[in-house]
Structure formats: structure tokens, C-alpha cells
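With this note's numbering applied, the sequence shown corresponds to residues 5 to 201, in that order. Contents: one structure, followed by commentary.
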Amino acid sequence: MLKNNTKDNTKTQILEAALHVFVKSGYSKTTMDDIVNESGHSKGAIYHYYSSKKDLFLSLIDYWENYFFKNIINKDLSDNNPDALLRDITSDVIKTFKSSKHVFLAELEFWSLSNHDLDVRKKTTQLYAKLIELFRSIISKGVSNGDYKKIDLDVAALSVMTALQGVIWFSIFDKSNISAEKYLNDVIEFIIHGFKK
């Protein structure tokens, strides 16, 4: 068990280092040596887990999802009404923004590389499909129970996702008259109000 914990800790340290370096330098300018320097692990240790920079980047997308957004991806849809679920997810995004703003900058790297690399596009498409399906299920629940009017579930789900992704703007531009928290809380209320009968 200790060996697995050590292995998991090493992989986490490498992924955290890679996340910081990719956000700081971008994918194309990042080298494995940069990740070695940031992580404190040897190049051999990194190559033990990841065969290439691209392999590490693809693993980083999974890490990003499973570590930073597991509360959202694994949301229990049976416990709350749709409004509460959407507000709860918004709260999770706010908490992540406050504690780890850099993870939203990583999403920009995912987008950028998705435009040029089929494997990265496939991986990010799978991630966003999960999120769209989550939001679609929540909104469908609201339509079914009569809280929400009949709306195009795909458009509505995409609206929620892109509104929440607006937090990326606050990750890039620190100076604003509006806080990320106010933006997210207000925009989800606008969306919920638009869904209501």
C-alpha cells in the first residue's frame, strides 16, 4: 500500500509541476526539462510514468478533471432540485477559482492544443461531453418536474457550461470592477430565471 501511495504522490507531483509549467510557458514552449526542474524529480522518473510531453499533457487533462472538478463531474443528481444543483456546481467552481485559479488557465492550453492535435481534441471533447450531459440531466430534471419550461436541452446545457467557463476571463484579467464570484453567482441566476416557466 505504501508503494502505491508513493507512486501516486510522485505522479501527482509531476502532474502539478506540469500544470504550472504549461500554464506559465504554454505547451509548445514547455520542455520535459522544465517539468523536471519544477517537479524536483529526475527525467527518468518522469519518463517512467509518461512516454512523452504529449502523453503527460493528455494525462494532465484527466488529472484536471478528476482532481479539481470531481465534485462537479460526480454530482449526485438525486439529492437536490435543479436550481440547487446548478447553484451548488457554481459554488464548486468559485471554490476552485479561489484556491487554484491556475487550473482555469490550463483549460486555455487544452483549447489551444485541441485546435492542432487530434488526440487532445478527442480527450477534451470527452471531458466536455461529460459536463454537457451533467448539465443536460439537471435541466431535464427541471423540465420533467415542471420547474422549467420546455427548452432545447442541448442549448441550455451549453449555455450553463460556457457561462461557468467565463471564470477564465477572471483568471487572465485580474483587474475588474466585478469579482469572479459575483459574476458566477449572478450569471447562474440569470440562466435559472430564463429556464423558469
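Yeah, the Cβ is synthetic: ideal placement off N, Cα and C, and Gly gets one too.
>> Going by C-alpha to C-alpha distance, which of Ala133, His106 and Asp123 sits closest to Glu20?
In response: Among Ala133, His106 and Asp123, the Cα nearest to that of Glu20 belongs to His106.
>> Could you tell me the alpha carbon to alpha carbon distance between Leu6 and Asn13, rounded to whole angstroms?
In response: With a pLDDT of 45 at Leu6, under the threshold of 50, the predicted position of this residue should be treated as unreliable, though the coordinate-derived value follows. Straight-line spacing of the CA atoms in Leu6 and Asn13 works out to 10 Å.
> Expressed to the nearest angstrom, what Euclidean distance is found between the alpha-carbon atoms of Ala88 and Asn70?
Replying inline: Roughly 22 Å separates the two Cα atoms.
> Sorted by chain position, which residues of the same chain lie with C-beta nearer than 7 Å to Ala161's C-beta, five sequence neighbours on each side aside?
Replying inline: Excluding sequence neighbours, Ala161 sits near Ile136, Phe139, Arg140 and Ile143.
> Going by Cα to Cα distance, which pick from Ile195, Gly30, Tyr132 and Tyr187 is closest to Ser163?
Replying inline: The shortest C-alpha separation from Ser163 is found at Ile195.
>> Tell me the rounded alpha-carbon separation between Asp38 and Phe114.
In response: Going from the Cα of Asp38 to the Cα of Phe114 covers about 19 Å.
> In the region 68-130, which residue ranges form an unbroken alpha helix (DSSP H) of at least 4 residues, counting only runs that do not cross its ends?
Replying inline: DSSP runs (the alpha helix (DSSP H)) wholly in the region 68-130: 74-77, 86-103 and 106-118.
>> Assuming Gly198 is part of the alpha helix (DSSP H), what are its boundary residues?
In response: Following the DSSP letters along the chain, one finds Gly198 inside the alpha helix (DSSP H) bounded by residues Ala184 to Phe199.
> How big is the Cα-Cα spacing for Ile172 and Phe26?
Replying inline: Spanning the two alpha carbons is a distance of roughly 16 Å.
> Can you name, in chain order, every residue of its own chain whose Cβ lies under 8 Å from the Cβ of Tyr54, other than the five neighbours on each side?
Replying inline: Cβ within range, chain order: Ile18, Leu60 and Ser63.
> Rounded to the nearest angstrom, how far is the Cβ of Ala184 from that of Phe72, given a contact under 8 Å?
Replying inline: In fact, because the Cβ distance is near 15 Å, the residues do not count as touching under 8 Å.
> In or out: Ile176 buried (at least 16 other Cβ within 10 Å) or exposed?
Replying inline: Label assigned to Ile176: exposed.
> The alpha helix (DSSP H) spanning Lys4 covers which residue range?
Replying inline: An answer regarding residue 4 cannot be provided, because it is not within the stretch 5 to 201 covered by the chain.
>> In the DSSP assignment, the alpha helix (DSSP H) including Gly48 goes from what residue to what residue?
In response: For Gly48, the enclosing alpha helix (DSSP H) covers residues Lys47 to Tyr53.
>> Spatial neighbours of Asn189 within its chain, please: C-beta separation below 7 Å, excluding the five flanking residues on both sides.
In response: Within its own chain, the residues whose Cβ lies closer than 7 Å to the Cβ of Asn189, once the five positions on either side in sequence are excluded, are Thr94, listed in chain order.
>> Using 8 Å as the cut-off, can you tell me whether the region 147-160 makes contact with the region 77-88, which would need three or more C-beta pairs spanning the two stretches below that distance?
In response: Touching, per the Cβ criterion.
>> Quick check on Ala110: buried or exposed, where buried means 16 or more other Cβ atoms within 10 Å of its Cβ?
In response: In summary, Ala110 is buried, with 16 or more beta-carbon neighbours lying within 10 Å of its beta-carbon over all protein chains present.
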